[in-house]
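First comes the structure, then the notes that go with it.
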Amino acid sequence: MCDSEVGSLVYGRSQLHRAPPPPPRVVKGFTQFNLFELKAATNDFSERKCIGKGSFCNVYKGRLHDRRVVAIKKQVLNLPSRDDKHIYNEVNIVSEINHKNIVRCLGYCHEIKVALVCLDDEYIGDKQPTYCNVKWPTRFQIIKGIAQGVHYLHEQRIVHLDLKHRNILLDCDMNPKISDFGTAKRLGHDDEITSHSEIIGTPGFTAPEYVHEHIISMKCDVYGFGVTLLWTISGYEAGRMEALSDPSLCDESQLMEAKMCMEVGLLCTQLDRNDRPTMADVLAMLNGRKELRKLGELEKVMVISTENR
Numbered sequence: 001m002c003d004s005e006v007g008s009l010v011y012g013r014s015q016l017h018r019a020p021p022p023p024p025r026v027v028k029g030f031t032q033f034n035l036f037e038l039k040a041a042t043n044d045f046s047e048r049k050c051i052g053k054g055s056f057c058n059v060y061k062g063r064l065h066d067r068r069v070v071a072i073k074k075q076v077l078n079l080p081s082r083d084d085k086h087i088y089n090e091v092n093i094v095s096e097i098n099h100k101n102i103v104r105c106l107g108y109c110h111e112i113k114v115a116l117v118c119l120d121d122e123y124i125g126d127k128q129p130t131y132c133n134v135k136w137p138t139r140f141q142i143i144k145g146i147a148q149g150v151h152y153l154h155e156q157r158i159v160h161l162d163l164k165h166r167n168i169l170l171d172c173d174m175n176p177k178i179s180d181f182g183t184a185k186r187l188g189h190d191d192e193i194t195s196h197s198e199i200i201g202t203p204g205f206t207a208p209e210y211v212h213e214h215i216i217s218m219k220c221d222v223y224g225f226g227v228t229l230l231w232t233i234s235g236y237e238a239g240r241m242e243a244l245s246d247p248s249l250c251d252e253s254q255l256m257e258a259k260m261c262m263e264v265g266l267l268c269t270q271l272d273r274n275d276r277p278t279m280a281d282v283l284a285m286l287n288g289r290k291e292l293r294k295l296g297e298l299e300k301v302m303v304i305s306t307e308n309r
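In terms of UniProt numbering, the sequence shown opens at residue 1 and continues consecutively.
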C-alpha cells in the first residue's frame, strides 16, 4: 500500500479519510499517531486483523507498543474525495465528547485516513453483538447504557443518525459503547435542520422523516434507538418476545420488565416524530421514574424486522 494513498484518526477504549479536506483540529490530549505505529499494530493491516467492513472504512484489531488493544478504522481506498468528510467529521465530533457509553477517541494519523479505537484486552473483536444466550438483566443493562449514551449526545446537541446494533460495541463486562460517528450532525441552536446531501443510514433503523423529507432532529436518534432496543430484546428480530420465552434467560418478573421495554421501543418508533418521547423521557421510563406513555393508534407505530441487516 502506498503511503501517499492514505490519512488517520485514533480512538480510545473505544475510532478515519485523504485531502482535500483539512485535517481535523488537534485538541488537548488527542494523540497524533504515525503510519509505522499503526502498521506495526495490525501486521500491516492484515486481512486476518480485519474485524469489520463498511461503506467508507474497514476496522482492524491491533495492539499498540504500550500493549493497549485497539481497533483501527481505515478508509477504503479509491473513495471519491467528497467522502473524506465522513472521516474528519467523525474525529472532530468524538474528540470533544466523553461518556462511558461512547467509544473514546485517542487521536489520529494524518498519513493514512484511519481512526484508532482502543478497547479492553478482553474485547473479542466482533463488532456485531448477538444476544441469543444473553440473560435479560444483561440485555436490560445494554439497553439502558445505549439510552444513556444517546441522551448524553443530545445534551451536547449531537445527532448520531446511524444508531443500530452493529454500531454498538460491547466491552468485557457487556457495557455498550456507541461507535461510528461519520454521519453525525451538530444541531447548534436549531431543534431540527434539513439536510441537502444524500441520505446515509441503514434501512429499518433510519427515521422516515429523514429518509423522505431529509429532516434531521434528535427524534431521528430516538427512532433508531427504538429499533435497536427491540432488536436487543429479541436477539434477532424487532419485537419478537418469544426470544425470551426460555426460562433460563428470563423469569416471570423479568418478562414484565422486558414487555415494558418493548412498549418503550414501540413509542420510540412511531411514524410521527412529534409522538416519540425524548431520550430524557426514555431514560425516566426505563428507570421507573416516569409512567409509561400510552401508545396512540396502532397504525402510527412502525415495527420493522431488522434480521440480517
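By construction, the Cβ of each residue, glycine as well, lies at the ideal position given by its N, Cα and C atoms.
To the nearest angstrom, report how far apart residue i and residue j are at their CA atoms.
i: L187; j: S217; result: 8 Å
i: A258; j: A284; result: 16 Å
i: C109; j: L35; result: 7 Å
i: A184; j: V103; result: 14 Å
i: V264; j: V59; result: 32 Å
i: F30; j: V91; result: 10 Å
i: H214; j: D275; result: 18 Å
i: K290; j: A40; result: 51 Å
i: F33; j: K73; result: 13 Å
i: S234; j: R273; result: 24 Å
i: G239; j: T206; result: Here the model assigns G239 a pLDDT of 47, short of 50, so the residue's position is not dependable and the matter cannot be decided.
i: N89; j: N133; result: 36 Å
i: L170; j: K177; result: 6 Å
i: F140; j: C250; result: 11 Å
i: H212; j: S197; result: 13 Å
i: R67; j: G107; result: 17 Å
i: V159; j: C172; result: 27 Å
Would DSSP call residue i helix, strand or coil?
i: L169; result: strand
i: E192; result: strand
i: residue 310; result: No information on residue 310 is available, as it lies outside the stretch 1 to 309 that the chain covers here.
i: P277; result: coil
i: Y123; result: Bear in mind that the predicted position of Y123 carries a pLDDT of just 49, short of 50, making it unreliable; the figure below should be weighed with that in mind. Three-state result, Y123: coil.
i: K48; result: The amino acid at residue 48 is misidentified as Lys; the sequence shows Arg. Reduced to three states, the DSSP call for R48 is helix.
i: G107; result: strand
i: T31; result: strand
For residue i, which residues of its own chain have a beta-carbon under 6 Å away from its beta-carbon, when the five flanking residues on both sides are left out?
i: L163; result: D221, G224, F225, T228
i: N167; result: S179, D180
i: V94; result: C105, F181
i: N175; result: G145
i: Q148; result: N101
i: Q254; result: W136
i: H154; result: M218, M279
i: S195; result: H214, I216
Measure the beta-carbon distance from residue i to residue j and round it to whole angstroms, keeping in mind my assumption that it falls under 8 Å.
i: T232; j: I142; result: 6 Å
i: H65; j: E37; result: 7 Å
i: L230; j: M262; result: 7 Å
i: L267; j: R293; result: 6 Å
i: Y210; j: I193; result: Contact doesn't hold; Cβ gap of about 11 Å is too wide.
i: I51; j: A71; result: 7 Å
Taking the beta strand (DSSP E) that residue i belongs to, which residues open and close that run?
i: V59; result: 57 to 63
i: I200; result: Taken as a continuous stretch (DSSP letters only), I200 belongs to no beta strand (DSSP E), as it is neither H nor E.
i: K71; result: For the record, residue 71 in the displayed sequence is Ala; it is not Lys. Note, A71: beta strand (DSSP E), 69 to 75.
i: K290; result: It is not in any beta strand (DSSP E) - K290 carries neither H nor E in the DSSP assignment.
i: K164; result: No beta strand (DSSP E) contains K164, which DSSP labels as neither H nor E.
Just to confirm the assignment, what range does the alpha helix (DSSP H) spanning residue i have?
i: I97; result: Note, I97: premise wrong, no alpha helix (DSSP H); not H, not E.
i: R139; result: 136 to 155
i: C261; result: 252 to 268
i: A40; result: 35 to 41
If I measure Cβ to Cβ from residue i and keep anything under 7 Å in the same chain, skipping five residues before and after, which residues do I get?
i: H151; result: M279, A280, L283
i: R157; result: R186, L187, G188
i: N43; result: K49
i: residue 327; result: Any property of residue 327 remains undetermined from this structure, which presents the chain solely from 1 to 309.
i: T138; result: M174
Is residue i near the ligand MN, with its Cβ less than 7 Å from a heavy atom?
i: H154; result: This structure simply doesn't include the ligand MN, nor any ligand for that matter.
Less than 8 Å between C-beta atoms, sequence neighbours within five positions excluded: which residues of the same chain meet that for residue i?
i: D191; result: S217, M218
i: S46; result: Y60
i: N287; result: K144
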